[in-house]
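If you read the sequences in order, they're chains B and G.
Everything in the first sequence is counted per our numbering, starting at 20 for the first residue and increasing by one.
Everything in the second sequence is counted per our numbering, starting at 460 for the first residue and increasing by one.
Have a look at the structure below before the remarks.
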Amino acid sequence: SSTLPIVVNTWPFVNATRVAWRTLDKDGATVIDAIEAGCMVCEKEQCDGTVGYGGSPDENGESSLDAMIMDGTTMNVGAVGYLRRVKSAISVARQVLEKTKHTLLVGELATQFAVSMGFPEESLSTKKSKEIWKKWRDSNCQPNFWQNVVPDPKTSCGPYSRPKTFEHSDKTSLPERRDLEISRYNHD
Amino acid sequence: TIGMIAIDGEGNVAAGTSTNGATHKIPGRVGDSPITGAGAYADSSIGAAVGTGDGDVLMRFLPSFRAVLNMAQGIEPEAAAEESLKKITQFYPDFSGAVVAVDRRGNHGAACHGFESFQYSVFAAGFKDAVLKNIPC
């Protein structure tokens with residue numbers, strides 16, 4: 020148990036915790052300021068490769084970002100999904116919260132929104148993210164998130180397509196997740 | 460992913476997330492992090508919770524929302540987080556994820572499943588620095 024104020028975050032990202040705490044300690048600062056400042060630290064430090072630019076490349080080798088801020092006093096939310104070519108995802112989410120009456124903007128048009136709010140557009144790829152992607156390609160694109168497509172996604176790279184015949188399974192077994200290699204260094 | 464909760468001295472609660480998602484995802488995929496109630500949820504009259512892990516599964520169960528609802532029923536944060544993962548593991552026993560919950564008084568706790576271990580970081584009034592909490596999964 021603790022006393023207020025308090026800042027808590029997932030994973031051992033203590034620099035983010037410290038900055039959020041120091042922000043909260045400033046005169047006039049809000050909990051929204053603290054969340055933005057704390058998450059920004061991880062976006063800049065690329066915490067564990069799981070936050071910010073240059074991490075978790077997709078099948079095309081591109082990094083994209085998701086972020087959200089929720090104000091528990093007003094129940095207002097601002098969020099972005101699959102944000103491309105803009106590094107400050109948490110700050111763009113804050114702009115969605117403050118400058119729009121929407122909740123979530125996604126993809127290319129979220130990028131356009133960010134640019135219109137003054138955020139610079141730049142590549143999110145790095146040498147490291149390109150290496151991660153190349154290693155994956157060289158391993159026949161394993162693991163991946165496809166199923167019930169051809170060629171067999173367990174052994175081959177795409178492009179994938181729907182098989183000519185597909186029998187809907189009536190099996191009741193639970194879907195496997197273990198083979199996706201979700202870990203401390205690969206997670207949402 | 461980072462999921463973060465902040466509560467000020469007046470009891471205002473906020474939560475947030477930022478992530479680059481799952482590695483090798485299919486282009487266009489979005490995980491739980493920007494989904495209200497999945498990656499994070501905050502209610503200043505109750506507290507807040509944040510989730511991390513396999514986002515495709517997490518977003519199907521809204522564990523952050525569930526943990527906050529549990530705290531609204533008087534359940535302590537750790538048990539609230541634990542319960543929010545229980546439903547997920549019924550369907551996905553090999554899923555990996557964690558939920559951290561904080562009530563409006565600053566009591567906090569977490570639960571995890573499938574990771575080798577899970578840590579979260581806390582900085583509260585009276586602390587000299589951030590403190591790491593280790594949670595066995």
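Backbone N, C-alpha and C fix where the C-beta goes; we use that ideal spot for every residue, glycine too.
C-beta neighbour in chain G for residue i, strict 9 Å
i, result
"arginine 181 of chain B", "no"
"proline 24 of chain B", "yes"
"glutamine 131 of chain B", "no"
"alanine 35 of chain B", "yes"
"alanine 39 of chain B", "yes"
"threonine 92 of chain B", "yes"
"valine 70 of chain B", "yes"
"glutamate 117 of chain B", "no"
"threonine 145 of chain B", "no"
"valine 134 of chain B", "no"
"glutamate 55 of chain B", "yes"
Contact list for residue i against chain B, beta-carbon separation under 9 Å
i, result
"proline 486 of chain G", "Asp77, Glu78, Asn79, Glu81, Ser83, Tyr101"
"phenylalanine 574 of chain G", "Ile201, Ser202, Arg203, His206"
N- and C-terminal bounds of the alpha helix (DSSP H) containing residue i
i, result
"asparagine 34 of chain B", "33-43"
"phenylalanine 520 of chain G", "514-520"
"glutamine 131 of chain B", "126-135"
"threonine 548 of chain G", "536-550"
"aspartate 52 of chain B", "50-64"
"arginine 113 of chain B", "108-118"
Beta-carbon proximity check, residue i vs residue j, cutoff 9 Å
i, j, result
"valine 472 of chain G", "glycine 480 of chain G", "no"
"leucine 123 of chain B", "valine 115 of chain B", "yes"
"valine 558 of chain G", "proline 595 of chain G", "no"
"alanine 531 of chain G", "glycine 568 of chain G", "no"
"cysteine 571 of chain G", "leucine 544 of chain G", "yes"
"alanine 514 of chain G", "aspartate 491 of chain G", "Residue 514 of chain G is actually glycine in this sequence, not alanine. Yes, they are a contact pair."
"methionine 463 of chain G", "isoleucine 494 of chain G", "no"
"cysteine 66 of chain B", "tryptophan 30 of chain B", "yes"
"valine 168 of chain B", "serine 158 of chain B", "no"
"glycine 80 of chain B", "serine 144 of chain B", "yes"
"proline 24 of chain B", "alanine 583 of chain G", "yes"
Neighbour-count burial assignment, residue i, 16 or more Cβ in a 10 Å radius
i, result
"arginine 220 of chain B", "This structure leaves residue 220 of chain B out entirely; chain B is present only between 20 and 207."
"tyrosine 204 of chain B", "exposed"
"glycine 506 of chain G", "buried"
"proline 486 of chain G", "exposed"
"alanine 129 of chain B", "buried"
"proline 178 of chain B", "exposed"
"threonine 476 of chain G", "buried"
Any chain B beta carbon closer than 9 Å to residue i
i, result
"leucine 544 of chain G", "no"
"isoleucine 534 of chain G", "no"
"alanine 531 of chain G", "no"
"serine 525 of chain G", "The sequence as given places arginine at residue 525 of chain G; serine does not occur at that position. False, the Cβ-Cβ gap to chain B never drops below 9 Å."
"leucine 528 of chain G", "no"
"leucine 591 of chain G", "yes"
"alanine 501 of chain G", "yes"
Cross-chain neighbours of residue i in chain B, by beta carbon under 8 Å
i, result
"glutamine 578 of chain G", "Trp30, Pro31"
"alanine 557 of chain G", "Thr29"
Under 9 Å by beta carbon: chain G residues contacting residue i
i, result
"asparagine 167 of chain B", "Within 9 Å Cβ-Cβ: nothing; asparagine 167 of chain B doesn't reach chain G, min ~13 Å."
"glutamate 140 of chain B", "Within chain G, no residue comes near glutamate 140 of chain B; the closest Cβ sits about 17 Å away, beyond 9 Å."
"phenylalanine 164 of chain B", "Ala481, His483, Lys484, Ile485, Arg488, Asp515"
Under 8 Å by beta carbon: chain G residues contacting residue i
i, result
"glutamate 195 of chain B", "Asp553"
"glutamate 62 of chain B", "Ser477"
"threonine 122 of chain B", "Thr495"
Limits of the beta strand (DSSP E) - the one that residue i falls within
i, result
"valine 70 of chain B", "Run containing valine 70 of chain B: none; DSSP gives neither H nor E here."
"cysteine 160 of chain B", "Counting along the chain, cysteine 160 of chain B falls outside any beta strand (DSSP E), and DSSP gives it neither H nor E."
"alanine 98 of chain B", "95-103"
"asparagine 593 of chain G", "590-594"
Residue i: contacting residues in chain B (beta-carbon distance under 7 Å)
i, result
"isoleucine 461 of chain G", "Asn28, Thr29, Trp30, Phe32, Ala35, Cys58, Cys61, Cys66, Val70"
Contact test: residue i Cβ vs the ligand PLP heavy atom, cutoff 8 Å
i, result
"cysteine 160 of chain B", "Although the ligand PLP was asked about, the structure shown includes no ligands whatsoever."
Proximal chain G residues relative to residue i, where beta-carbon distance stays under 7 Å
i, result
"valine 125 of chain B", "Val489"
"leucine 128 of chain B", "Near leucine 128 of chain B there are no residues of chain G at all, since even the closest Cβ is about 13 Å away, more than 7 Å."
"glycine 74 of chain B", "Asn479"
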